[in-house]
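Contents: one structure, followed by commentary.
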Amino acid sequence: MATGSSPEYEARYGWDRRTVGVVAVSAVFTVALLLPGIPLLARILGLPLFGAGGLFMAYVALSRKVAFRVDETGVLLGGSPARYAATTGHVPWADITGVVLWRQEAGDASLPYVGVTRREGAPALPGDGPTARAVVAHLVPVPADVAMASRAVTGWRLDRNRLVAAVAHFAPGIPVRDLS
Numbered sequence: 001m002a003t004g005s006s007p008e009y010e011a012r013y014g015w016d017r018r019t020v021g022v023v024a025v026s027a028v029f030t031v032a033l034l035l036p037g038i039p040l041l042a043r044i045l046g047l048p049l050f051g052a053g054g055l056f057m058a059y060v061a062l063s064r065k066v067a068f069r070v071d072e073t074g075v076l077l078g079g080s081p082a083r084y085a086a087t088t089g090h091v092p093w094a095d096i097t098g099v100v101l102w103r104q105e106a107g108d109a110s111l112p113y114v115g116v117t118r119r120e121g122a123p124a125l126p127g128d129g130p131t132a133r134a135v136v137a138h139l140v141p142v143p144a145d146v147a148m149a150s151r152a153v154t155g156w157r158l159d160r161n162r163l164v165a166a167v168a169h170f171a172p173g174i175p176v177r178d179l180s
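Everything in the sequence shown is counted per full-length UniProt numbering, starting at 1 for the first residue and increasing by one.
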């Protein structure tokens, strides 16, 4: 993570409240499934789900890969830790028209996102294609262009004040809008 006096803003995957909770619950269920008397079918179904799920979330936290970065070159949208190189995208300042904070509601749950709006004709980002756009067009409260250039704030923490300061430093005039 960049120091407090540095104008760059960088957030890395790590241990946030949600990740700790998922790993802890997964560990409890995994141990419970190993107790004597648990039906074989429960073990066959539960161990891969809770054991592998908990291990993957721990891997994400321990990876410390960059989840989101704002610097002099633009905005780095960190990818999924499982396929980091293939899913990471960089958007140069010349292609950015705004930074957007938004939320995806799913029943009682809400997941924050941060993304960028881009100029028309900007190169496609990893994962952007007709099928992905068709899916997100029906599921998210923002335009598909914004959704494709966004990352969920999960497995890392967003410091809104540092984000706004970094955008103001590197791209004065680029707005940071909170749609949530």
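Even glycine gets a Cβ: it sits at the ideal position worked out from N, Cα and C.
Everything numeric in this text was worked out from a predicted model, so none of it was measured.
**Asked** Which full runs of the beta strand (DSSP E) of 3+ residues lie inside the region 3–89, going along the chain?
**Response** Look at the region 3–89 and you find these whole runs of beta strand (DSSP E), each 3 residues long or longer: 9–12, 66–71, 74–77.
**Asked** With distances taken from CA atoms, which of His169, Arg64, Leu49 is nearest Val31?
**Response** It is Leu49.
**Prompt:** Counting pairs of Cβ atoms below 8 Å between the region 151–163 and the region 108–117, do you hit three or more?
**Reply:** Yes, the region 151–163 touches the region 108–117.
**Message:** Quick test of the definition: if touching needs 3 or more C-beta pairs under 8 Å, does the region 7–19 touch the region 162–177?
**Reply:** Output reads yes: the region 162–177 touches the region 7–19.
**Item:** Check whether Arg157 and Gly14 have beta carbons under 9 Å apart
**Value:** Gly14 sits close to Arg157, with the two beta carbons spaced by under 9 Å.
**Request:** State the CB to CB distance for the pair Leu101 and Asp178, rounded to an integer number of angstroms; the pair is presumed to be in contact (CB under 8 Å).
**Result:** Indeed they touch by this definition, with Cβ atoms about 5 Å apart.
**Asked** Within the chosen definition, does the region 61–80 reach the region 89–104 through at least 3 CB pairs nearer than 8 Å?
**Response** Yes: at least three Cβ pairs fall under 8 Å.
**Prompt:** In angstroms, rounded to a whole number, what distance separates the CA positions of residue 184 and Ala67?
**Reply:** Examination of residue 184 is not possible in this model, given that the chain is present from 1 through 180 alone.
**Asked** Is Leu33 near Ala42, with beta carbons less than 9 Å apart?
**Response** With a cutoff of 9 Å on beta-carbon distance, Leu33 and Ala42 are scored as near each other.
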